[in-house]
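*Asks:* UniProt numbering puts the sequence shown at residues 1 to 291.
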Amino acid sequence: METISPDTLLLASGMPNPSTFPVLEATFTLKESHRINITPQLMAQALQYSLSSGFPPFVAQLEELTEKIHAPPDVCERQVVVTVGSEHGLSMACGMLINPGDAVLFQEPTYPGLLALLDNVQAHLIPIRSDSQGVIPSLLRVALDQCTDRRAKGRVLRFDSFSKTVAPGLRVGYVTVPKPIGEKLVLDILDNILHASVLPQVILREVLKTWGHEGYLQHMRAVCELYRRQRDIMVEAVDRHLNSSGGERYEDIGDETRTRERGAGGAWGGLPGGWEPAVSIHQTRLFCDQP
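1) Buried or exposed: I189, going by 16 or more other Cβ atoms within 10 Å of its Cβ?
2) Ends of the beta strand (DSSP E) at D131?
3) Reducing DSSP to helix, strand and coil, say where N37 ends up.
4) What are the residues that DSSP puts in a beta bridge with S161?
5) Along the chain, where does the alpha helix (DSSP H) containing L199 start, and where does it finish?
6) Tell me, which residues are paired with P168 by DSSP?
7) How would you write the range of the alpha helix (DSSP H) that T66 sits in, first residue to last?
8) Could you give the distance in angstroms between the alpha-carbon of I253 and the alpha-carbon of D239?
9) So, is T8 buried or exposed, given that buried needs 16 or more other C-beta atoms within 10 angstroms?
10) Which residue from P112, S130, S163 and A143 puts its Cα closest to that of A103?
11) Does the pairing of the region 194-207 with the region 222-242 give three or more beta-carbon distances under 8 Å?
12) Going by the C-beta, is I181 closer than 7 Å to any heavy atom of the ligand NAP?
13) Taking Cβ positions, are L204 and V177 nearer each other than 8 Å?
14) What is the residue span of the beta strand (DSSP E) that E87 lies within?
15) When the distance is taken between beta carbons, is T210 closer than 8 Å to I36?
16) Whole angstroms are fine: how far does the CA of G85 sit from the CA of P168?
17) From D131 to G95, what does the alpha carbon distance come to, in whole angstroms?
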């Protein structure tokens, strides 16, 4: 499908005739007043089946984006695979690469969705504490030195998402992985969902094309600044209302901790031993009543 001519008559089974699609075209207006037009020809592609690895023009755009923004080392042949959000990619990778009892090191605290995925595959979880700068390198080194059976050369799987940077409802993420792993992920997608929805990929491609790389980075900086301000307001509220030395709401707990991580949009909080967070948060008034 990547190389066939648009004039080719496809005889493959199950490919609907585009003339039956009810949506002809669409126009979207961006906040900067730019307008993107999904032409009838492009809309026909957006509503049709595509490759399990993703809509080819969008995949090519993601490959270029990854090279320009992240500049990964050229140590192996890579493949970009479009997923239904980054958690879809994480789920496939966990199921493919982790056997019950395998040791998995993770930064603590971390995204709870990942912990649920690792629990599903019965991984042996090894937490590595972090501070405001991220994972503590000395603790990570000690843990790695104890993993005597690990491979001499590691593999990097990168999971990206547009949920926080553009819109979560589009449900578009992508993974950048060594090609042998990418081929397995594509087969997994083919066997389960066939491919991620094409229309959101087309919309994102047009948005990114309109912005250009610098425009996308400018948008990212604006998003980061917004969430930084919101995080700081939340942390200030926590200091004001939950501080054991200055407020009554937390005086029975006393040694709560919280940290503000660089590059993060939130603050992690800790409760003293004996508290079950799932219960404590509901039984204790952790947030102030007034805005």
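Where is the CB? At the ideal position from N, CA and C, for every residue including glycine. The structure presented is a predicted model; accordingly, all values stated were derived computationally and were not measured.
*Replies:* Quick answer:
1) By one-based count along the sequence shown, residue 189 stands at place 189. So I189 counts as buried.
2) Position 131 of the sequence shown holds residue 131. Residues H124 to D131.
3) Here residue 37 is taken as the residue at index 37 of the sequence shown, counted from 1. Of the three classes helix, strand and coil, the one that applies to N37 here is strand, per DSSP.
4) In the sequence shown, the residue the question calls residue 161 occupies position 161. G173.
5) The count along the sequence shown starts at 1 and reaches residue 199 at position 199. Run containing L199: V198 to H241, per the alpha helix (DSSP H) assignment.
6) Here residue 168 is taken as the residue at index 168 of the sequence shown, counted from 1. Its beta-bridge partners do not exist; DSSP assigns none.
7) Here residue 66 refers to the residue found at position 66 when the sequence shown is read from its first residue. Residues P56 to I69.
8) Indexing the sequence shown from 1 puts residue 253 at position 253. Indexing the sequence shown from 1 puts residue 239 at position 239. Legend: pLDDT at I253 = 35, less than 50; position of this residue unreliable, no value from coordinates given.
9) One-based indexing of the sequence shown puts residue 8 at position 8. Label assigned to T8: exposed.
10) Position 103 of the sequence shown, counted from the first residue, corresponds to residue 103. Of the candidates P112, S130, S163 and A143, the one whose C-alpha sits nearest the C-alpha of A103 is A143.
11) no
12) With respect to the ligand NAP, the structure offers nothing, as it holds no ligand at all.
13) As a position in the sequence shown, residue 204 is number 204, starting the count at 1. As a position in the sequence shown, residue 177 is number 177, starting the count at 1. Against a cut-off of 8 Å, the Cβ pair of V177 and L204 comes out as no contact.
14) Translated into positions along the sequence shown, residue 87 becomes position 87. Careful: E87 lies outside any beta strand (DSSP E), inside the alpha helix (DSSP H) at S86 to L97.
15) Within the sequence shown, residue 36 is the residue found at index 36, counting from 1. Within the sequence shown, residue 210 is the residue found at index 210, counting from 1. Going by C-beta atoms, I36 is nearer than 8 Å to T210.
16) The residue given as residue 168 occupies position 168 in the sequence shown. The residue given as residue 85 occupies position 85 in the sequence shown. In a straight line, the C-alpha of P168 is about 8 Å away from that of G85.
17) Counting from 1 along the sequence shown, the entry for residue 131 is found at position 131. Counting from 1 along the sequence shown, the entry for residue 95 is found at position 95. Looking at the two C-alpha atoms, the distance is approximately 30 Å.
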